[in-house]
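All residue numbers for the sequence shown refer to our numbering, where the first residue is 40 and numbers rise by one. For every residue, glycine included, the Cβ atom is placed at its ideal position computed from N, Cα and C. Computed from a predicted structure; not experimentally measured.
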Amino acid sequence: MKESKKFIYIINYPTFEEELCMLEMRSIFNTEPKDKILISDINFNPSNSTFIKSRLEVFHEEENFQDILKKLEKNIITLDDFRLEFIKALKADVPFSERFGYLSKIGDKIMGVPDIKAPKLVLALGKHKGRWVFGLHEKNDNLWSTHEKKPCSYSNSLSVRVAKTVVNIAANGDKNLRIIDPCCGVGTTIVEGLSMGYEIWGTEISEKNTNNAKRNLGFFNLEPRVTHQDMHTIKENYDSSIVDIPYGLFSHITKEQQQDIIDTARRISKKMILITFEDLDHMVEKSGFKIIDRCAVTKGSFKRYILVCE
Ligand SMILES: C[S@@+](CC[C@H](N)C(=O)[O-])C[C@H]1O[C@@H](n2cnc3c(N)ncnc32)[C@H](O)[C@@H]1O
């Protein structure tokens, strides 16, 4: 039987996004972080979440440090251009002055030449809940933050952070699912979804927005998977839809049109992530969807609701 792997994720979030982070973690890992640490056997790329700061793939876990050394003697690691570090975020009871000593004992067991300045891989030691852990430490590369500077964006576009998170929630982290953003605006979720490797498409009723979405996708060398189309004419079926519903302030939309959008999302997808500024629970229920999870993101006087519906 194949031994299951263990990953330790180090999580952080601004207070106003705590609920959003917890919803993303429940969607990907079926559990929530405790004290900003999440342990799972699910392997998720840390750069695909704005909330994961780093991931330790645990190679060895022992109560005594000496047993970590014994494991390293038994399973020799041969590696060049690596760096060794101590994971502070696990909040170990190991005084700073002693950490270097532990690391140098580990370093003695690894066959290869380290490269501290430009390592290809980072190996790390830490202590969590009284147990020593050693493994491969990968940090979030934060490349997604460069998507904040798009050629085209509107004041009602989703932020990169929210867009990335709702795609993960829509797909539960599964790259094989088919996702649609039927009201995709300038393609914020499509940029995030495609750059993380998800199967995602967009439709948009406004020709100008469609062209701007294609421009944004082209700017990041991504496929132009957006069509100028009224979502009500969509024929395909999808595993999930992401609906950032048009609302009064920016679009002239009636309650009936909002209900129609939710009803069509129900027709074309098994699951819907609804992003809204107002309470639309009654519309979701009328469509036949059930709200299975939710969160609110409050920033200043703005409150956005994110509903997971199946
Ligand atoms: C709140 S905006 C979406 C913004 C988008 N999430 C972004 O980040 O750019 C809603 C969008 O729905 C589009 N829309 C409204 N009715 C539609 C329909 N029937 N089919 C497709 N798109 C529609 C509007 O043109 C608008 O761009």
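- In terms of side-chain proximity, the C-beta atom of residue 80 is found no nearer than 7 Å to any non-hydrogen atom of ligand 1.
- When DSSP states are grouped into helix, strand and coil, residue 304 belongs to the helix group.
- By the criterion of a C-beta distance shorter than 6 Å, residue 261 is surrounded in its chain by 233, once the five residues flanking it on both sides are discounted.
- Here residue 132 is exposed. Its C-beta has fewer than 16 other C-beta atoms within 10 Å.
- Distance from residue 212 to residue 316 at the Cβ level is roughly 27 Å; contact not present, criterion being Cβ atoms closer than 8 Å.
- Remark: the C-beta of residue 177 is outside contact range of ligand 1, defined as less than 7 Å to any heavy atom.
- Judged by DSSP in its simplified three-state form, residue 230 adopts helix.
- Annotation note: the stretch 127-198 contains the following uninterrupted alpha helix (DSSP H) runs of length 4 or greater, listed N- to C-terminal: 135-148.
- In the three-state DSSP reduction, residue 225 falls in the coil class, being neither helix nor strand.
- For ligand 1, no non-hydrogen atom lies closer than 7 Å to the CB of residue 291.
- Per DSSP, residue 64 has no beta-bridge partner at all.
- Here residue 200 is buried. Its C-beta has 16 or more other C-beta atoms within 10 Å.
- When distances are taken from the beta-carbon of residue 232 to the heavy atoms of ligand 1, even the shortest one reaches 7 Å or more.
- For the 8 Å CB-CB criterion, residue 171 and residue 164 form a contact.
- Burial check for residue 134: the Cβ neighbour count within 10 Å stays below 16, so the residue is exposed.
- Around residue 255, the same chain offers 189, 190, 191, 225, 226, 230 as residues with beta carbons nearer than 7 Å, after the five sequence neighbours per side are excluded.
- Across the structure, residue 71 and residue 47 are spaced so that their CA atoms are roughly 12 Å apart.
- Cα atoms of residue 272 and residue 309: separation of roughly 17 Å, rounded to the nearest angstrom.
- Here DSSP, grouped into helix, strand and coil, assigns residue 75 to coil.
- In terms of Cα proximity to residue 209, the closest of 239, 101, 195 is 239.
- As a beta-bridge residue in DSSP terms, residue 277 pairs with 308.
- With 16 or more other Cβ atoms inside 10 Å of its own Cβ, residue 304 counts as buried.
- DSSP places residue 325 in the helix class (H, G or I) of the three-state scheme.
- Between residue 346 and the set 115, 45, 58, 50, the nearest pair of CA atoms involves 58.
- When distances are taken from the beta-carbon of residue 271 to the heavy atoms of ligand 1, the shortest one is below 7 Å.
- Judged by DSSP secondary structure, residue 106 falls within the alpha helix (DSSP H) whose first and last residues are 104-113.
- Counting along the chain, the unbroken alpha helix (DSSP H) around residue 256 starts and ends at 246-258.
- Per the DSSP secondary-structure output, residue 343 pairs in a beta bridge with 336.
- For residue 277, the closest of 295, 247, 251, 215 by C-alpha to C-alpha distance is 215.
- Spanning the alpha carbons of residue 157 and residue 124 requires a straight line of approximately 13 Å.
- Using a Cβ distance threshold of 8 Å, residue 89 and residue 203 count as a contacting pair.
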